[in-house]
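A short write-up of the structure that comes next.
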Amino acid sequence: MSKMQVYSFVGSQWAGVAHLALAEKGFTPGADYDIQEIDLGNADNFSPAYLAINPNGTVPSLTAPSLASPLTSSIDILRHLDSLRPDAHPLVLRDNSNNNNSDRAQQIIDLVHSPQVDTNILFFRARSVAELDAKKRGWHKDFIDTRQQRLETERAAAAGASHPFYKPKLAENGTLYDIYAKPAGHADDDAFFAESSDLYRGFAAGMAELETLLVLPYAAGASLSEADFHVIPWLAHAMVAAESDIHQVQDFSTLEKVLAESVPGFKVGPRTRAWWKTVAEEASFQKVFPQLH
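With our numbering as the guide, the letters of the sequence shown map in order to residues 1038 to 1330.
Here you go:
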């Protein structure tokens, strides 16, 4: 098999799916694949060179001589890796046999990839002046500013002038950019805070829905599957977004506190806790997530 190129970033949520699959299926870095780092902090995912690989400007991506075109979604990447080594712990459930539920696996994957539980809500949304000011003083504002500046620079260049990616992405990022750029107490803040509060409540509701979907002991039943490998990086990233101690992998208290500000009494459910404890014992989890990221 020709060597694959995996486009990744250490702080990327969905790159974790690819790395878990690579570890679980026994692929060897350097021999089976190389990692190409795309620095999201520098907005390198917005460069024309990377957009030629992934027109969405997202991470991860995977290329290989055997592929007709790059794979640009974590779902497709995991399923491709699984197909290359079908006998090494199959991750894609083909039916509802052997105490596994393929339909439930897809429901879980759809949920954690939905806008309702986008971890950027926890990273960048704010429900009060104090919360917004804290994020302005942190890395969040620099991250948003860098993205906006890179988008403007690339769009102004000859290669980006007619590219369909830049105009809508500038508008999307510009919403947060404008909020973070304005002084505290601006008239637009109240609407932003109200909308953010609704989004936090929606996120908490999504976590409650996950609690009902988990089959146990693994996400979709008796064995580790692709569903687990999508929930793991999503939940780890949510914990980081809430500013949990990255070394305390089993401590949900900070995430609970953040969500309880919008949903009083919010707790991570017992099924989610039991599932997390189970998957954290897997070698692939321990290799990719020795700490939260």
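Here a beta-carbon is modelled for each residue, glycine too, at the ideal position from N, C-alpha and C.
Give me the Cβ distance between residue i and residue j, rounded to the nearest whole Å; I'm assuming they're in contact under 8 Å.
i: residue 1241; j: residue 1281; result: So it is not a contact: roughly 16 Å between Cβ atoms.
i: residue 1096; j: residue 1045; result: 6 Å
Under the DSSP definition of a beta bridge, which residues are partnered with residue i?
i: residue 1041; result: 1070
i: residue 1099; result: 1043 and 1108
i: residue 1258; result: 1137 and 1255
For residue i, which residues of its own chain have a beta-carbon under 8 Å away from its beta-carbon, when the five flanking residues on both sides are left out?
i: residue 1328; result: 1283, 1284 and 1286
i: residue 1164; result: 1230, 1233, 1234, 1237, 1298 and 1299
i: residue 1048; result: 1077, 1078 and 1330
i: residue 1219; result: 1225 and 1226
i: residue 1198; result: 1192
i: residue 1302; result: none
Please state the DSSP three-state secondary structure of residue i.
i: residue 1053; result: helix
i: residue 1137; result: strand
i: residue 1222; result: coil
i: residue 1048; result: coil
i: residue 1063; result: coil
i: residue 1094; result: coil
i: residue 1113; result: helix
i: residue 1303; result: coil
i: residue 1295; result: helix
i: residue 1175; result: coil
i: residue 1166; result: helix
i: residue 1085; result: helix
i: residue 1209; result: helix
i: residue 1152; result: helix
i: residue 1270; result: helix
i: residue 1328; result: coil
i: residue 1187; result: helix
i: residue 1232; result: helix
i: residue 1277; result: helix
i: residue 1147; result: helix
i: residue 1332; result: Within the shown structure, residues of the chain are numbered from 1038 to 1330, placing residue 1332 beyond reach of any answer.
Going along the chain, which residues of its own chain have a beta-carbon closer than 6 Å to the beta-carbon of residue i, five neighbours each way excluded?
i: residue 1324; result: 1060
i: residue 1102; result: 1039
i: residue 1254; result: 1315
i: residue 1057; result: 1266, 1321 and 1325
Short of 7 Å in beta carbon distance, which residues of its chain neighbour residue i, apart from the five on each side in sequence? Order them along the chain.
i: residue 1141; result: 1250, 1252 and 1257
i: residue 1217; result: 1173, 1178 and 1181
Assign residue i to one of two classes, buried (16 or more other C-beta atoms within 10 Å of its C-beta) or exposed (fewer than that).
i: residue 1172; result: buried
i: residue 1318; result: exposed
i: residue 1271; result: buried
i: residue 1205; result: exposed
i: residue 1052; result: buried
i: residue 1128; result: buried
i: residue 1067; result: exposed
i: residue 1063; result: exposed
i: residue 1065; result: exposed
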